[in-house]
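The working numbering numbers the first residue of the sequence shown as -2 and each following residue consecutively. This report concerns only the one structure given below.
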Amino acid sequence: MAGEIQQGIGRAASVLAVLGASTTGPLRASDIARATGLGTSTTARLLGTLEELGYVTKAADSPSYAIGATILALASEGLNQNPVHRESRAPAQELAQRIGLSVNVGVLDGSSLIYLCHFEGALAPKSHSMIGLRQPLHASALGKCLLLDLDADGLRALLGDEPLPRYTANTITEHAALAAELAVARERGVCMEDQELALGRLGIAAPIRDANARVVAAISISGRLSLMRERDLDVLTEDLIEVADRISVGLGLISAIPSS
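Put into structure tokens, the structure is as follows:
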């Protein structure tokens, strides 16, 4: 019985994952069945149950399904219960408004980062939210910050032994090069991302620490290359570090961090 329940939960989760990953809007049951590999009748039963619970909703004028209000409510509750989100939301929003660029806060989740906060300044509007999206650790400024506490063995344990995925010609793919980049970042207090995840994008990120001085999150400023190069990066970096420190204090950090 326990195995059947576990299997049912897994199937429901796969349906929700397909709906959440859709880039074309609501999906028909047949599309969901094809994407999950489940039978048509099984998919229809799951969708019926999920619709009753509010986890999915059926589009008004078509037999298609989308993520329901219950999922949105759970996501909101999860964010509000997260101490990093609570402490960083207001400072990150103020920073984005002040500098006019995108400001994001991310945390480690498995071997990737996930966004907890996303705010847009007047110069960096987006038509979608980054909250909940994942990014690779080695190719983003936020991700690199989340690796700052790890030594070479820790990096390999988390990221694996194989060469790291390449996204652009600037992506760091070798473990030794990543370790060297992190060593420099520890000295300057911020991590950089120069067209490593996407061409035409530049970002800087600073670590957020808890009461034990462990890196538990990171905050970044990012924008189009042309916009970022028009700004004084030293001033932006100072502003970012100050906000990261403010959030860290909110999480309980009260002592200086020894230089390694």
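Glycine included, each C-beta is placed from N, C-alpha and C at the ideal position.
Collapsing the DSSP output to three states places residue 5 in a helix. Taking each of 140, 83, 75, 96 in turn and checking the Cα distance to residue 107, the smallest one comes out for 140.
Note on geometry: alpha-carbon atoms of residue 182 and residue 155 lie some 19 Å from one another.
Nearest neighbour of residue 63 by Cα position, chosen from 112, 203, 19, turns out to be 19. Counting only residues of its own chain and dropping the five nearest sequence neighbours on each side, residue 145 has a CB closer than 8 Å to the CB of 179, 182, 183, 188, 204, 212. Judged by beta-carbon spacing, residue 248 lies within the 7 Å limit of residue 84, meaning their Cβ atoms are closer than that value. Contact annotation: residue 25 and residue 73 have beta-carbon atoms that are not nearer than 7 Å. Under the DSSP assignment, residue 249 falls outside any alpha helix (DSSP H); it carries neither an H nor an E label. Sorting 97, 118, 143 by C-alpha distance to the C-alpha of residue 105 places 143 at the top.
Taking C-beta separations shorter than 6 Å and ignoring five residues to either side along the sequence, the partners of residue 136 in its chain run 164, 168, 193, 194, following chain order. Within 10 angstroms of the beta-carbon of residue 59 lie fewer than 16 other beta-carbons, which makes it exposed. Secondary structure in the stretch 49 to 103: the beta strand (DSSP E) runs of 3 residues or longer, each lying completely within the stretch, are 53 to 55, 61 to 64 in chain order.
Membership of residue 135 in any beta strand (DSSP E) is not indicated, and neither H nor E is assigned to it by DSSP.
Rounded to the nearest angstrom, the gap between the Cα atoms of residue 200 and residue 173 is 22 Å.
DSSP places residue 198 in the strand class (E or B) of the three-state scheme.
Residue 99 places its beta carbon 7 Å or farther from that of residue 186.
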